[in-house]
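Working notes, beginning with the structure itself.
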Amino acid sequence: MKNLIMIIGFLAALLGLIMTVLPFGSLAFLPIALALVAGIIGFRMSGDQGGGKTAFKVLLILAVTALLLGIYRTAFDKNVVAEDETIIQQEEESLEDARKELEDLEIDE
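For reference, each letter of the sequence shown is one residue, going 19 to 127 in the numbering used here.
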């Protein structure tokens, strides 16, 4: 049971870390919360059974790191799509050029 909790916790922590780096927003907090819960449960279970706590300490550190990174990305990073006027103007000129070329073509039937 302890190994299953550890595996689930590590997978959730890694998924949470990946989701915080990618633009998933606050959706990344779900696997991070799962990793924190799994780490705390596993840490308590290993204390009761007298086993090693090192893996669960690493899991908790990884989950807290992902949580802090997620909070930082949510609070300070703004995902703004800016319209670039030069690109829009180039697209319009390209469209006008294409229309002129099509109008200048003579189709013989």
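C-beta: ideal position from N, C-alpha, C; glycine also.
Check	Outcome
State the Cα-Cα distance for the pair Asp16 and Glu109, rounded to the nearest angstrom.	Since the first residue of the chain shown is 19 and the last is 127, residue 16 is not available in this structure.
Quick one: what does DSSP say Gly43 is sitting in, helix, strand or coil?	helix
Quick check on the DSSP output: the alpha helix (DSSP H) that includes Gly70 runs from which residue to which?	It is not in any alpha helix (DSSP H) - Gly70 carries neither H nor E in the DSSP assignment.
Taking the continuous alpha helix (DSSP H) assigned at Lys118, which residues delimit it?	103-122
Sort Leu87, Met19, Phe94 by Cα distance to Ser64 and report the nearest one.	Met19
Could you compute how far the alpha carbon of Lys118 sits from the alpha carbon of Ile125?	15 Å
Kindly list the residues whose CB is nearer than 6 Å to the CB of Ala46, restricted to its own chain and excluding five residues on each side of it in sequence; keep chain order.	Gly34, Met37, Thr38, Gly88
How many angstroms separate the CA atom of Arg62 from the CA atom of Leu22?	14 Å
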